[in-house]
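Peer 1:
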Amino acid sequence: MALSEFPRLGFDPFVELRRMQSEMNRLFSGLTPASRDFPPINIWLGDNSVVVTGELPGVTRDDVTISLQEDVLTLEGARHPKQEQDANWQRRERAYGTFSRAVQLPFRVDPDKVQARFNNGILEIELERLEADRPKKIEIRAA
Amino acid sequence: MAQEVRTVEQRTPQTAETGQRSAPRPMFLPPADIYETRDNIVVLAEMPGVALDGVDITLERRVLTIRGRSAASDHGGYQRVYNEYSDGDYERVFTLSENIDREHIEATLKDGVLHLVLPKAETAKPRKIELKSG
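Protein chains in written order, with the working numbering: chain G, 326 to 468; chain B, 23 to 156.
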């Protein structure tokens with residue numbers, strides 16, 4: 326207890342300092358781009374299908390591999406920097422290198438009914454729920 | 023050199039009373055790579071979700087403004103259940119240190135990345151000075 330160290334003061338002179346320190350830690354945590362998961366994704370749910378979209382600017386169709394195992398969708402690939410001779414770099418903010426991201430889907434999907442397309446750097450993957458996995462309505466027979 | 027001009031911080035969301043939009047969309051600073059070759063200044067800016075007609079580039083004197091508006095990613099009949107990114111507008115302003123040949127600027131949009139090739143004006147290019155024997 327910090328208060329007991331300063332019995333005559335009756336207050337803790339470092340309380341404000343500690344508050345500032347924890348505030349700083351909060352601000353700087355997760356600030357580096359590498360700490361963010363790439364690509365960022367959104368998931369959209371329909372009646373019997375799910376759409377996963379991801380922001381992949383600068384990534385072409387050949388740079389990304391989409392795989393599916395049970396209900397886990399995996400996006401893997403690489404972002405390649407543009408090679409330029411005699412370039413004098415003034416700003417390098419875009420991230421490069423390999424990435425891998427696994428997404429747990431809300432249900433099992435039919436691997437034969439997966440559609441993926443790229444549109445202005447947004448990857449859209451549409452997956453359909455497995456027929457056997459769909460909820461079934463059960464009729465109640467009259468007694 | 024390309025100096026960045028900060029604009030986003032001062033921006034206040036526009037309300038229905040003041041102007042164009044009723045629902046303010048988030049504003050993003052697109053990450054950019056900028057490099058200089060002997061003849062050109064090249065700007066690469068990441069603006070995923072922006073279509074060709076959503077881009078607006080202006081060069082006024084040496085102030086380069088890049089704006090992009092991403093298309094709404096609504097999926098009819100689908101409900102968003104998980105969200106890591108959102109639609110919005112991109113804006114970034116740079117002040118270029120070189121004079122640009124404004125007639126020959128090339129801009130392309132590929133896979134959500136804006137490629138901007140700004141050729142330096144003849145006067146801004148490095149010139150070799152010949153020494154005359156006296």
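Backbone N, C-alpha and C fix where the C-beta goes; we use that ideal spot for every residue, glycine too.
Name, please, each residue of chain G whose Cβ falls closer than 7 angstroms to the Cβ of proline 53/B.
Peer 2: Glu418 and Arg419
Peer 1: To the nearest angstrom, how far is it from the Cα of isoleucine 450/G to the Cα of valine 384/G?
Peer 2: 15 angstroms
Peer 1: Please confirm if phenylalanine 424/G has its CB atom under 8 angstroms from at least one CB of chain B.
Peer 2: no
Peer 1: Is the region 74-89 of chain B close to the region 110-126 of chain B, with three or more CB pairs under 8 angstroms?
Peer 2: yes
Peer 1: Just the C-alpha distance for valine 139/B and alanine 420/G, rounded to the nearest angstrom, thanks.
Peer 2: 20 angstroms
Peer 1: Which class does methionine 345/G belong to by DSSP, given the choice of helix, strand or coil?
Peer 2: helix
Peer 1: Which whole-angstrom value is the C-beta distance of threonine 59/B and glutamate 409/G, which I expect to be below 8 angstroms?
Peer 2: 7 angstroms
Peer 1: Using alpha carbons as the reference points, say which of Val103/B, Asp109/B and His97/B lies closest to arginine 47/B.
Peer 2: Asp109/B
Peer 1: Comparing C-alpha positions only, which one of Ala94/B, Glu152/B and Lys147/B sits nearest to aspartate 123/B?
Peer 2: Lys147/B
Peer 1: Below 8 angstroms on the Cβ atoms is my guess for glycine 134/B versus glycine 379/G; work out the distance and round it to an integer in Å.
Peer 2: Actually they do not touch by this definition, with Cβ atoms about 11 angstroms apart.
Peer 1: Could you check where the beta strand (DSSP E) with glutamine 429/G kicks off and where it finishes?
Peer 2: 422-429
Peer 1: Beta-carbon within less than 6 angstroms of proline 358/G's beta-carbon, same chain only, minus the 5 sequence neighbours each way: which residues are those?
Peer 2: No answer about proline 358/G holds up, because its pLDDT of 45 lies below 50 and its placement is not dependable.
Peer 1: Have a look at Pro406/G, Arg454/G and Pro460/G and flag the residue whose alpha-carbon is nearest the alpha-carbon of glutamate 68/B.
Peer 2: Check the Cα spacing between glutamate 68/B and each of Pro406/G, Arg454/G and Pro460/G: the tightest is with Pro406/G.
Peer 1: With DSSP run on the structure shown, which of helix, strand or coil describes proline 350/G?
Peer 2: One detail in the question is off: residue 350/G reads as asparagine in this sequence, not proline. Correct three-state label for asparagine 350/G: helix.
Peer 1: Residues of chain G with CB under 9 angstroms from threonine 59/B, in chain order?
Peer 2: Glu409, Gln410, Asp411, Ala412 and Asn413
Peer 1: With a threshold of 8 angstroms between beta-carbons, can glutamate 401/G be considered close to chain B, or not?
Peer 2: no
Peer 1: Closest Cβ-Cβ distance between isoleucine 56/B and chain G: below 8 angstroms?
Peer 2: yes
Peer 1: Using a cut-off of 8 angstroms between C-beta atoms, extract the partners of valine 85/B located in chain G.
Peer 2: Correct list: empty, because the minimum Cβ distance to chain G is about 16 angstroms.
Peer 1: Taking 8 angstroms as the CB-CB cut-off, is isoleucine 450/G touching chain B?
Peer 2: no
Peer 1: Closest Cβ-Cβ distance between leucine 81/B and chain G: below 8 angstroms?
Peer 2: no
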